[in-house]
Structure formats: structure tokens, C-alpha cells
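In this note's numbering, the protein residues as written are 1 to 279. Glycine included, C-beta positions come from ideal geometry on N, C-alpha and C. Please read all numbers here as calculations on a predicted model, not as lab measurements.
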Amino acid sequence: MEKHYAVIGDPIEHSYSPGMHNAGYDSLGIDAVYHRFQVRSDRLAEAVEGLCALGFAGWNVTLPHKESIIAHLDVLTPQALRAGAVNTVKIHEGKKIGHNTDGDGFIRSIEGDLQSMAGKKAVLLGAGGAAKGIALALAERGMQIHILNRTPEKAMELAHIVRELGEKGSWGSFEPGPWLKDVDLLVQTTSLSLHEGPFPFTLAGISRQALVVDIIVKARETAFLEEARKQGCRTFGGMDMLLYQGALAWEFWLGGQAPIEAMRKGLKDQLLQQMFYKG
Ligand SMILES: NC(=O)c1ccc[n+]([C@@H]2O[C@H](COP(=O)([O-])OP(=O)(O)OC[C@H]3O[C@@H](n4cnc5c(N)ncnc54)[C@H](OP(=O)(O)O)[C@@H]3O)[C@@H](O)[C@H]2O)c1
1 MEKHYAVIGD PIEHSYSPGM HNAGYDSLGI DAVYHRFQVR SDRLAEAVEG
51 LCALGFAGWN VTLPHKESII AHLDVLTPQA LRAGAVNTVK IHEGKKIGHN
101 TDGDGFIRSI EGDLQSMAGK KAVLLGAGGA AKGIALALAE RGMQIHILNR
151 TPEKAMELAH IVRELGEKGS WGSFEPGPWL KDVDLLVQTT SLSLHEGPFP
201 FTLAGISRQA LVVDIIVKAR ETAFLEEARK QGCRTFGGMD MLLYQGALAW
251 EFWLGGQAPI EAMRKGLKDQ LLQQMFYKG
């Protein structure tokens with residue numbers, strides 16, 4: 001029988017997940033369809049009821065529902081508990097299980113490059129939901145985490161959560177500093193790269209050994225990554241994080257190994273399509 005999956009959020013029209021998952025189903029001949037639904041915050045409870053009533057096998061959750069959905073679920077996995085947020089729901093024996101694949105998706109996206117993580121230094125720009133998932137996943141692998149955020153209280157709060165895990169967490173103001181010269185991994189998680197124009201500060205003096213990631217998903221290189229590349233660093237965009245969080249959600253729902261290359265192609269096709277229509 002045909003299975004149904006979806007992503008719910010608001011706004012949702014720019015989600016790349018349908019293209020990625022449907023390309024994966026097609027590549028393996030799986031009888032399933034992945035949909036995209038706009039769900040307003042005041043209709044979340046009804047949307048969850050509706051998805052269950054319609055027999056959906058699972059769904060992804062994106063902004064602004066990643067935390068508020070928890071009140072509507074029966075069980076949380078350790079990853080969802082750690083992040084305090086859910087991006088994947090599975091219906092299993094009538095129960096709604098909340099899971100989170102963002103942090104581990106990020107790890108999978110960089111582990112081919114940054115093989116050993118323990119003891120190395122990560123600097124995170126931003127302290128929002130995405131930064132939290134990434135910081136906790138990196139801290140769990142023994143990395144030292146330094147967080148810089150426009151609103152310093154939020155950086156301090158996240159550094160405190162990292163320290164509660166028994167790992168090294170510190171914070172500072174959102175500006176260049178001595179951290180640049182010995183950073184191993186620099187992750188840009190603010191929404192700044194969504195906008196055109198230069199990044200507000202320079203990366204001059206950054207260690208050439210650093211891996212620099214901007215988690216924003218864009219067809220074109222962001223100004224932040226362009227500068228890091230010019231400084232001689234290795235760089236990644238946000239597409240791989242999106243791909244691997246999707247692959248981990250797939251594996252949580254369907255078991256086995258997700259068809260990574262087919263999903264990557266589906267994602268790229270959708271990105272290019274969006275770039276083409278934007279002109
Ligand atoms: N590749 C992926 O799979 C993936 C996954 C999740 C998210 N993302 C991307 O990551 C971005 C952040 O998502 P999120 O869920 O963490 O959002 P969020 O919780 O709203 O956090 C936004 C962050 O951006 C900072 N910020 C916003 N405007 C800024 C400005 N003008 N100057 C400096 N800092 C600014 C905020 O700082 P304040 O605390 O000072 O407001 C905060 O740290 C989104 O754009 C999303 O597209 C990508």
C-alpha cells in the first residue's frame with residue numbers, strides 16, 4: 001500500500017525535502033509519496049490529528065514547530081530529548097515518536113573531512129535552534145565549543161548547556177578575535193547568509209587548517225564562504241547537512257540505508273530549479 005510522508009512548517013513553500021525524498025523513493029521503487037504542508041501555529045494540534053487520521057507513516061517538522069510539537073507526541077528519542085526539539089515524527093504501533101536528526105546530520109556531513117573531533121576547537125556563529133543541535137552533537141564527540149552571538153545572553157545560555165554535558169563550552173561577542181587563529185571548525189548558523197551582501201565581519205587571520213561551514217542552503221556560494229575560501233580554508237555549504245538529516249529521517253522511518261546519491265540529485269535539481277525561477 002502506498003505510504004505517505006510530509007514536512008510541516010510555516011512558511012514551507014521553499015522546502016527542498018519533497019524533491020530529495022521523492023527522488024529517493026523513485027530510485028528504489030518504493031511506493032511512497034512525500035508531501036509539503038503549510039501549518040499555522042494555532043492549527044498544529046489539528047494538523048497532527050489529521051496526519052494520524054489520514055494514515056501518514058511519519059513526517060518532518062520545521063520552523064516554527066520544532067519545539068511546540070513535543071506537547072503532541074507520545075515518546076521522544078534520546079536525540080530529541082538532548083536537543084529539546086523534534087524534526088522527525090514516526091508513527092509506530094499507534095504511538096507518535098519524536099526524533100531529531102539535525103545534529104547527527106551535521107556530524108555526518110563533516111565527518112568525512114574532519115575525521116577526529118575529540119579535543120578540537122569549534123566556533124559557532126549564532127545560538128538559535130540549529131546552533132543548539134549542532135553544538136550538542138559536537139560536544140558529545142568531545143569538541144570544545146566557543147559560541148558567538150549577536151544577543152550574548154543566548155550564547156552564554158548555550159555554553160552553559162554544553163558545560164552541563166561535561167564538555168568545554170565558552171562564549172564571546174559576535175566579532176573577530178583571537179579565536180580565529182586556532183579554530184579547527186567554524187560553523188555559520190545565523191540567518192545572515194540568507195540575505196545578499198557582505199558578512200558583517202572579516203575572517204582575516206583565520207587558521208588555514210580550519211574547515212568552514214555555512215549551514216544556509218543556497219545554490220550559490222554565500223559571501224561568508226567565499227571569504228573563507230579566499231583565506232585558504234576548506235568550505236562546505238548547508239546542502240550536505242540537509243541531505244544527511246533527511247537520510248537519517250529516512251532510515252528512522254524505513255530502516256536500511258537511505259539512497260544518498262539519488263537524494264542528493266533530487267535536492268540539487270530542486271535547488272537549481274529555484275535558482276532558475278528566481279532568475
Ligand atoms: N542546512 C540545514 O539542514 C539547516 C538546518 C536548520 C537550519 N538551517 C538554517 O540555519 C539558519 C538558522 O536557523 P535557526 O533554526 O537556528 O534559526 P533561529 O533559531 O531563528 O536563530 C537565528 C540565529 O541567527 C542570528 N541572527 C539573525 N539575524 C542576525 C543578524 N542580523 N546579525 C547577527 N545575527 C543574527 C540570531 O541571533 P540573535 O539570538 O541575536 O537573534 C540567532 O542566533 C536558518 O536560516 C536556516 O535556513 C539550515
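Could you pull out every residue in the same chain whose Cβ sits closer than 8 Å to the Cβ of residue i, ignoring the five residues on either side in sequence?
i	result
Y5	H21, A32, V33, Y34, H35, F56, A57, G58, W59, N60, W253
S41	D10, P64, H65, S68
R220	M275
Assuming residue i and residue j are in contact, meaning their beta carbons sit under 8 Å apart, how far apart are those beta carbons, in whole angstroms?
i	j	result
L28	P198	Not a contact, Cβ separation roughly 43 Å.
Q245	I215	Not a contact, Cβ separation roughly 10 Å.
G142	G112	That belief does not hold up - the Cβ atoms of G142 and G112 are roughly 18 Å apart, past 8 Å.
Compute the distance between the beta-carbons of residue i and residue j, then report whether it is under 8 Å.
i	j	result
G129	H65	no
V123	L186	yes
V183	A210	yes
P178	T202	no
L63	G103	no
H99	Q115	no
T190	G237	no
I147	L180	no
H72	L44	yes
F174	I134	no
A262	G94	no
I91	C52	yes
L158	A139	no
Identify, in the order they occur along the chain, each residue of the same chain with its Cβ nearer than 6 Å to the Cβ of residue i, setting aside the five sequence neighbours on each side.
i	result
Q270	Y16, G19
R264	L243
K3	A32, A57
Q144	K121, K168
F37	A6, I8
V217	G238, M239, L242
I12	R36, Q38
F225	What sits at residue 225 in the sequence shown is Leu, not Phe. So the list reads D214, T235, once near-sequence residues are dropped.
H227	Note that residue 227 is Glu in the sequence shown here, rather than His. If we look at E227 and ignore the five residues flanking it on each side, its Cβ neighbours are L203.
Taking DSSP as the reference, what is the three-state secondary structure of residue i?
i	result
R234	strand
G172	strand
L183	The residue you asked about is not Leu; residue 183 is Val in the sequence shown. Looking at V183 - three-state DSSP - the assignment turns out to be coil, as it is neither helix nor strand.
I12	coil
N60	strand
V39	coil
G279	Caution applies to G279, whose pLDDT of 44 falls short of 50 and renders its modelled position unreliable; the model cannot decide the point.
H92	strand
H72	helix
L271	helix
H4	strand
G98	strand
Q245	helix
With a CB to CB cut of under 7 Å and the five nearest residues on each side skipped, what residues in its chain are close to residue i?
i	result
R229	T235
G279	Annotation note: pLDDT 44 at G279 (below 50); position unreliable, no value reported.
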